[in-house]
Amino acid sequence: MTSRATAEPIEGAVILPKRAPLWAVLGVAVTLGSQIAIASGYVAKIEGRLDGFTESDNRITKRSDERYSAIVDRLASLEKDRNDTSGRLIRLEEQLRMSVDLLREIRESMRAPPRR
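Structure, rendered in structure tokens:
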């Protein structure tokens with residue numbers, strides 16, 4: 002009698018070498034490691050972009066804050082000038098009234114008939 006197990010494999014059957022599970026585990030490990038390396042590189046790239054966006058946002062916010070405080074300071078200065086100007090305007094109006102009254106008196110004195 003002849004034994005078929007040691008002779009040739011059955012037609013269509015696949016016979017794996019004894020170390021095939023080791024190669025399969027190593028292949029999965031290498032694939033998983035490369036995927037992790039690619040993913041970590043992608044995550045680092047995204048984090049770098051987010052850091053750039055954060056820095057840009059901080060610069061824009063700082064510039065906006067500086068502009069806002071400059072506008073607030075300018076408005077305060079304008080309000081102060083307005084208050085000072087309104088006091089000056091009141092004094093100018095009083096001087097103008099006095100000048101108009103003085104001109105009226107001068108006109109009246111010039112229109113009066115001469116005394117003989």
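Residue numbering for the sequence shown follows the working numbering, starting at 2 and increasing by one per position. All residues carry an ideal CB built from backbone N, CA and C; glycine is no exception.
Segment limits, alpha helix (DSSP H) that includes V15: V15 -> no alpha helix (DSSP H), and no H or E assigned at all.
Through-space distance from A38 to V31, alpha-carbon basis: 10 angstroms
Alpha carbon of A14 to alpha carbon of W24, nearest angstrom: 20 angstroms
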